[in-house]
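Trainee: The sequence shown maps to residues 0 to 283 in the numbering used here.
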Amino acid sequence: SLTAGPLKVSRAALSVVAHQKAVNDVAIAPNNQVAATAGRDKEIKYYSFPECRLLGVSRGHRKTVWNICFSPVDRVLASASGDGTARIWNLKDYTCVKTFQGHESPHGVLRVSFLSGGLQIMTCGTDGLVKLWNVRTTECNATFDQHEDKVWCMDLREDVMVTGGADSKIVIWRDDTEEEAEQKREEASEAALQETRLQTLEQQGRTLEALLIAVQLNRTAQARRLLEKEATRRLTANIQRAQHTAINRHRATQDESEAPPRRPADQDMADGTGGDEDEPMADQ
0 SLTAGPLKVS RAALSVVAHQ KAVNDVAIAP NNQVAATAGR DKEIKYYSFP
50 ECRLLGVSRG HRKTVWNICF SPVDRVLASA SGDGTARIWN LKDYTCVKTF
100 QGHESPHGVL RVSFLSGGLQ IMTCGTDGLV KLWNVRTTEC NATFDQHEDK
150 VWCMDLREDV MVTGGADSKI VIWRDDTEEE AEQKREEASE AALQETRLQT
200 LEQQGRTLEA LLIAVQLNRT AQARRLLEKE ATRRLTANIQ RAQHTAINRH
250 RATQDESEAP PRRPADQDMA DGTGGDEDEP MADQ
């Protein structure tokens, strides 16, 4: 048995021919009671550990099984295959219960790993992509594209992932989920403030300012209603202005018609009331 401290190996305890072709990967279950092997013969085999008694075989992959790993919490195992899929197998009857397909055909999946307490898996493939999957729904939650060739290996530690590829590069990935969540919280808080301001402006009749905020918040229906309200207000104001102008003009015309007629100047001359004053009579 393995004990704490330096490991000293003096001889092979047991040797078993596990597959008809090359063995690509091995994994030991978290309970240290089961060992699994992945083979080029497309099979996954399970052995009691450390006795190495065959417990079962999983079949379903159409090409080489490159990598396997046990879930840290559930009695399942994940596998990565050259057929372009990752699969999850039930350790009770060794049947496939989930299939994840999304790496670009005809590329294969080279590595698979559980994370988030077994709720997600991460895969990398010969298409140069790293993908994050939801175990329950089998949906791809994210795709990471930084390598220019096959991604041969990866390792995960808490909020950091490191990948290595045939392009001679390693890429360090940082989990910014919490930062994104904080940003979303800030955006939600700002949206709430804008919503309050929108309602206040509308109540105050400041339609144009309210309209601008409605557009920023992508409130299409509300923006349309505010636009119609502003258009109605302006139309009403223009009509009232035109009516006021027409009334003033009418009053001016009426005042002119009711004024007494002006006496012409030539009529004043005929009546002897106009012209120069009479000259004094000459002395007799």
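Positions of the beta carbon are idealized from the N, C-alpha and C atoms, including for glycine. No experiment lies behind these values; they were computed from the predicted model shown.
#1: Counting only runs of 3+ residues fully inside the segment 64 to 95, write out the beta strand (DSSP E) ranges in chain order.
#2: Note down, one range per segment and in chain order, each alpha helix (DSSP H) of at least 4 residues found wholly within the segment 199 to 266.
#3: Only counting the same chain, and skipping five residues up and downstream in sequence, which positions put a Cβ closer than 6 angstroms to that of His18?
#4: So which of Phe69, His106, Thr195, Arg135 has the shortest CA-CA distance to Thr98?
#5: Going by other Cβ atoms of all chains shown within 10 Å of its Cβ, with 16 needed for buried, is Asn23 buried or exposed?
#6: Please state whether DSSP places Ser104 in a helix, a strand or coil.
#7: Roughly how many angstroms separate the alpha carbons of Pro49 and Arg110, rounded to a whole number?
#8: Out of Leu211, Arg233, Thr142, which has the shortest C-alpha to C-alpha gap to Arg223?
#9: Is His106 closer than 8 angstroms to Lys130 when the C-beta atoms are compared?
#10: How about Gly163 and Trp151: are their beta carbons less than 8 angstroms apart?
#11: I'd like the span of the beta strand (DSSP E) that includes Leu155, first residue to last.
#12: Is Glu189 helix, strand or coil when you go by DSSP?
#13: Going by beta carbon distance, what residues of the same chain come within less than 7 angstroms of Ala79, once the five residues before and after it are set aside?
#14: Looking only at its chain, what residues have a beta carbon closer than 8 angstroms to the beta carbon of Ala209, apart from the 5 residues adjacent to it on each side?
#15: What is the DSSP secondary structure of Lys168, reduced to helix, strand or coil?
#16: Is the separation between the beta-carbon of Leu90 and that of Arg74 shorter than 8 angstroms?
#17: Counting only the same chain and skipping the five closest in sequence on each side, list residues whose C-beta sits under 6 angstroms from that of Lys44.
#18: Could you say which of Gln145, Asp92, Gln100, Asp175 lies nearest to Ile169 if we only look at CA atoms?
#19: Could you spell out the range, first to last residue, of the beta strand (DSSP E) harbouring Ser57?
#20: Considering only the beta carbon of each residue, do Thr155 and Leu114 sit closer than 8 angstroms?
#21: Identify whether Arg135 lies in helix, strand or coil by the three-state DSSP scheme.
#22: Keeping to the same chain, check which residues put their C-beta closer than 7 angstroms to that of Glu229; ignore five residues upstream and five downstream.
#23: Any idea which residues DSSP pairs Leu118 with across the strands?
#24: I'd like the list of long-range same chain contacts for Asn133, defined as Cβ closer than 7 angstroms, with 5 residues on each side in sequence excluded.
#25: So Glu42 is in the beta strand (DSSP E); what residue range does that whole segment cover?
#26: Closest to Arg31 by CA distance: which of Val15, Phe69, Ala12, Pro5 is it?
#27: Secondary structure at Arg110, three-state DSSP: helix, strand or coil?
#28: Might you give, ordered along the chain, the residues of its own chain that have their beta carbon closer than 8 angstroms to the beta carbon of Ala21, omitting 5 neighbours on each side?
#29: Spell out the partners DSSP gives Ala34 in its beta bridges.
Mentor: On the basis of the coordinates in this document:
#1: Uninterrupted beta strand (DSSP E) stretches at least 3 residues long and entirely within the segment 64 to 95 occur at 64 to 69, 75 to 80, 84 to 89, given in chain order.
#2: Segments of the alpha helix (DSSP H) lying fully in the segment 199 to 266: 206 to 215, 219 to 257.
#3: Correct list, in chain order: Gly38, Asp40.
#4: Answer by Cα proximity: Arg135.
#5: When all chains shown are included, Asn23 counts as buried.
#6: Note: Ser104 maps to coil in three-state DSSP.
#7: Straight-line Cα distance between these residues: approximately 25 angstroms.
#8: Cα-wise, what sits closest to Arg223 is Leu211.
#9: No.
#10: It is a contact, given that the beta carbons lie within the stated cut-off.
#11: For Leu155, the enclosing beta strand (DSSP E) stretches over residues 150 to 156.
#12: Correct three-state label for Glu189: helix.
#13: Closer than 7 angstroms at Cβ, skipping near neighbours: Trp65, Asn66, Ala85, Val108, Leu109, Arg110, Val111, Thr122.
#14: Listed in chain order, the non-local C-beta contacts of Ala209 below 8 angstroms within the same chain comprise Leu197, Leu200, Glu201, Leu225, local neighbours out to five positions each way being set aside.
#15: Of the three classes helix, strand and coil, the one that applies to Lys168 here is coil, per DSSP.
#16: Note that the C-beta distance between Leu90 and Arg74 is below 8 angstroms.
#17: Around Lys44: Ala17, Thr36, Val56.
#18: Ile169 has its Cα closest to that of Gln145, out of Gln145, Asp92, Gln100, Asp175.
#19: For Ser57, the enclosing beta strand (DSSP E) starts and ends at 53 to 58.
#20: According to the sequence displayed, residue 155 carries Leu and not Thr. Result yes, Cβ atoms of Leu155 and Leu114 sit closer than 8 angstroms.
#21: Note: Arg135 maps to coil in three-state DSSP.
#22: Sequence-distant partners of Glu229 (beyond 5 residues in either direction) whose C-beta falls short of 7 angstroms from its own C-beta, in its chain, are Thr206, Leu207, Leu210.
#23: Per DSSP, Leu118 has no beta bridge partner at all.
#24: Hits under 7 angstroms: Gln119, Asn140.
#25: Looking at the DSSP string, the run of the beta strand (DSSP E) that includes Glu42 is 42 to 47.
#26: Here residue 31 turns out to be Asn, not Arg, going by the sequence shown. Comparing Cα-Cα distances from Asn31 to each of Val15, Phe69, Ala12, Pro5, the minimum goes to Phe69.
#27: Shown here, Arg110 sits in a strand according to DSSP, grouped into three states.
#28: If we look at Ala21 and ignore the five residues flanking it on each side, its Cβ neighbours are Gly38, Arg39.
#29: Answer is Ile27, Tyr46, bridged to Ala34.
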